[in-house]
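Notes to accompany the following structure.
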Amino acid sequence: MKPLLAIWVVLVLLLHQDIWFWKDRSLVFGSIPIGLAYHAGYAILAAITMALLVRFFWPGQLEEEQVYVADSAISADPARAAAGSEARL
Amino acid sequence: MTRALIVFAYLAIVLYIGIFAFRRSKTSSEDFFLAGRKLGPAVFLLSLFGTNMTAVAILGSSGIAYSRGIGVFGLMASSSAIVIPLTIFFIGTRLWALGKRFGHMTQVQYLRDRWECAGIGTFIFALTAAMLVPYIIIGVMGGGQTLEAISTVDGKPWVSYEFGGALVALVVMSYVFFGGMRGTAWVNAFQTVLFLCFGAIAFTLIARSLGGFDQIMQGIAANPRTGPLLSRERMPAEEFFSYMFIPLSAIMFPHISIMCLTAEKMGHFRKTVIFYPICIMLIWLPSVYLGVVAASQFPGLRPGEADDVIIRLLTANTGVLVSGILGAGIMACVMASDSQILALSTMFSEDIFAFYGGKKRFGEQAQVWTGRAFVVAIALFAYITALALKDKAGIFELAIRFAFSGFAALAPIMLGALFWKRSTKWGALAASVWVATCVIGTGYLTRASDSIAPRPPGAPPARAAAPSAALPQVASSTRLQPDAPLLGAARPTSAAPRPPAPPVQNNPGLGNLFLRNATTVTVFGYLPVLPMVVGSALLMVLVSLMTTPPSRATIEKYFPSNSEKTRIA
């Protein structure tokens, strides 16, 4: 999944350079220039891309490291360990 | 006068928010500088976004769209919509995790420890501080000029530039002083809501008053002089491409990276990165669109005047109340310097005061009060500079423009630190020196070539015209006009917005190496940010490979192997 997502992100970055609409003055829905509509859609595509990254590429190991450190700190410190048990109760 | 009263009410609200935050605060430095790393998801998203939004989003973008067309959205907004969330996702989350693990409160603390070198941190501290100070000064200048303009009745300002600047500096200083990061984040969240509501209300009211946009847009398309505004014909492809690199600066701005450390949980980043592009679209899309609409409503404005088109549209199509809310919105933009002041204060108290033994010697409370004293000092310095150099805003605008490129070019250093074990302090130092040299060099080349800068007939000098790149945050608001000219809006001319003049060679002996356009010097047509980022990345890699990496212990600390994680657990 990760290589596919990496390709997807590169593709999205490339899609920003929409040379095909560079000189196109046509209007979408009668009042929105097509180049503007494209880039508004691009912003939505960016949000979708970020949602995909969050779903499949989330750096969960960073959160786990916090848990390791917090747990080790509590076990090393009796006062914090006691506070931790109280909190859990 | 009503507009000024609404703005005063706005200032009172943000001041109250700061004082309210003070009541919730504790005495620790982490609480003052990072809101105790306890910001919730909504405030985190809104404040991170608000910290990054400046006057250019609402006012500047419409001014540039007026003369250059709809391409401004792709140039500045949709590029940011993908690049900024990506940097927050890859860099921001890691900074957050490292800050939580090792107690870092600034980028410099991390870089010093990561490369086992105090000097590299001090150099980067000096470089980032130097690139940040012009923002704060121009924020105070913008505040004074905005209040003066808003309060002007019959050509007479009720609030002078000096008093307006003092008031803005005092309000910002007060809520940062009392509220610290918590107050600043809450104010920024409030401002973001104001931006979003203001954009929606303004767009709806103008659309209703003009009877929809269909006919206007078709009229613009039919006119051969305004037709190019509906495409990117007035935008060189090299410039459009270069702009993809500018948003790399966001995460390297100290106030943004420090803001990343304030989230209570890493999960808060999830919604932030997903909704960030949508927020950008909601603010920029109406602004750019209205800028193009203004080309048919107020034709013939010169580049400097065009920055006010959205205000002209509002004044011509809405009442004084909406106009007053607009004034508050502008103040919100101008006062974006709050987080920059706090970031500088955090950097000073952590990277200088605490690093050189102040915290050990005098205690944590003294460190917090040092930070507060620094907030007062920097606000005073900004105010005095704003008074002394009242007519030299162009210098600071120029400095800000190149600061964007400078911060963007620092991104490879952070990427190297976070993702590449083999990166070294010497690589980082070489890249930092390159960035500093380029910022000074491009600034010098641009100023030295002002006399040959191409400009359309009748346009003001290059820097004043500046619908530029990187966006002096108050460039637009500093050009606000008093009531009467705003209401008088349209000039008696039917001329369409002028296309930008083609660039000229800076030094004919060097061919197209350095080209000068209306606002800046380019390298073969590309903005300086492109060679700066590429050069910084290359130096980081090459010099790191030639020098000794950090000790094994440090590498294990920042890149723990699985066995190390098991051992810790």
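Protein sequence lines, in the order shown, are assigned to chains A and B. Read in the numbering used here, the first sequence has 18 at position 18, and its numbers run on one by one without any break. Read in the numbering used here, the second sequence has 643 at position 554, and its numbers run on one by one without any break. The C-beta atom is built at its ideal place from N, Cα and C for all residues, glycine as well. Fair warning: this is a prediction, and the values are worked out from it, not measured in the lab.
Item	Value
Exposed unless 16 or more other CB atoms sit within 10 angstroms - verdict on T116 of chain B	exposed
Beta carbon of S633 of chain B nearer than 8 Å to that of G452 of chain B	no
Test: T182 of chain B CB closer than 8 Å to a CB of chain A	yes
Neighbour flag for G163 of chain B against chain A, beta carbons, 8 Å	yes
Touch test, the stretch 358-365 of chain B against the stretch 511-525 of chain B, Cβ-Cβ under 8 Å, three pairs minimum	no
DSSP state of Q196 of chain B mapped onto helix, strand, coil	helix
Through-space distance from F485 of chain B to K354 of chain B, alpha-carbon basis	37 Å
Cβ-based neighbour list, M194 of chain B, same chain, cut-off 8 Å, excluding 5 preceding and 5 following	S118, E119, F122, L123, G188, I347, L350, T435 and E439
Residue closest to R157 of chain B, alpha-carbon to alpha-carbon, out of B:L104, B:M262, B:P317 and B:L285	B:P317
7 Å Cβ shell around K127 of chain B - same chain, five flanking residues per side excluded	E353
Whole-number beta carbon distance between S150 of chain B and V377 of chain B, since they are thought to touch under 8 Å	5 Å
Minimum Cβ-Cβ distance from D202 of chain B to chain A less than 8 Å	no
Inside the stretch 427-494 of chain B only - alpha helix (DSSP H) runs reaching at least 4 residues	447-451 and 453-477
Extent of the continuous beta strand (DSSP E) to which F603 of chain B belongs	F603 to R605
Host beta strand (DSSP E) of V630 of chain B (start-end)	Not the beta strand (DSSP E): V630 of chain B falls in the alpha helix (DSSP H), residues V618 to M635.
Proximity test, Cβ basis, 8 Å: W22 of chain A and chain B	yes
Within 8 Å, strictly: CB atoms of A421 of chain B and L294 of chain B	no
Closest by C-alpha distance to F139 of chain B, when choosing among B:V411, B:R201, B:R203 and B:Y365	Per the sequence shown, the amino acid found at residue 139 of chain B is Gly instead of Phe. Checked all of B:V411, B:R201, B:R203 and B:Y365; the closest Cα to G139 of chain B is B:Y365.
Among B:A542, B:P501, B:T535 and B:P543, the one whose alpha carbon lies nearest that of W523 of chain B	B:P501
For F214 of chain B and V260 of chain B, the rounded distance between their alpha carbons	27 Å
Counted within 10 angstroms of its Cβ, other Cβ atoms place L135 of chain B as buried (16 or more) or exposed	buried
Length of the line joining the Cα atoms of G35 of chain A and I305 of chain B	17 Å
Same chain, Cβ closer than 7 Å to R641 of chain B, five either side skipped, listed in chain order	none
For L350 of chain B, the three-state DSSP class (helix, strand or coil)	coil
Span of the alpha helix (DSSP H), counted from its first residue to its last, around T281 of chain B	Y250 to L299
Contact set between V377 of chain B and chain A, taken where Cβ atoms lie within less than 8 Å	L36
Anticipated Cβ contact below 8 Å, A43 of chain A with M370 of chain B, distance rounded	4 Å
First and last residue of the uninterrupted alpha helix (DSSP H) at T361 of chain B	H357 to Q386
Beta-carbon proximity of I106 of chain B to T235 of chain B, cut-off 8 Å	no
The ligand FAD heavy atom lying under 7 Å from the CB of T91 of chain B	Summarising the ligand content, the structure contains no ligands, and the ligand FAD is consequently not present.
S583 of chain B classed as buried or exposed, judged by whether at least 16 other C-beta atoms fall within 10 angstroms	Unreliable placement is indicated for S583 of chain B, whose pLDDT of 48 sits below 50; no coordinate value is reported for it.
Within-8 Å CB hit, A6 of chain A to chain B	no
Identified DSSP bridge partners for P33 of chain A	A:L27
Under 8 Å between C-beta atoms of F442 of chain B and T459 of chain B	yes
Status (buried if at least 16 other CB within 10 Å, exposed otherwise) for A98 of chain B	exposed
Beta carbon of N595 of chain B nearer than 8 Å to that of L534 of chain B	yes
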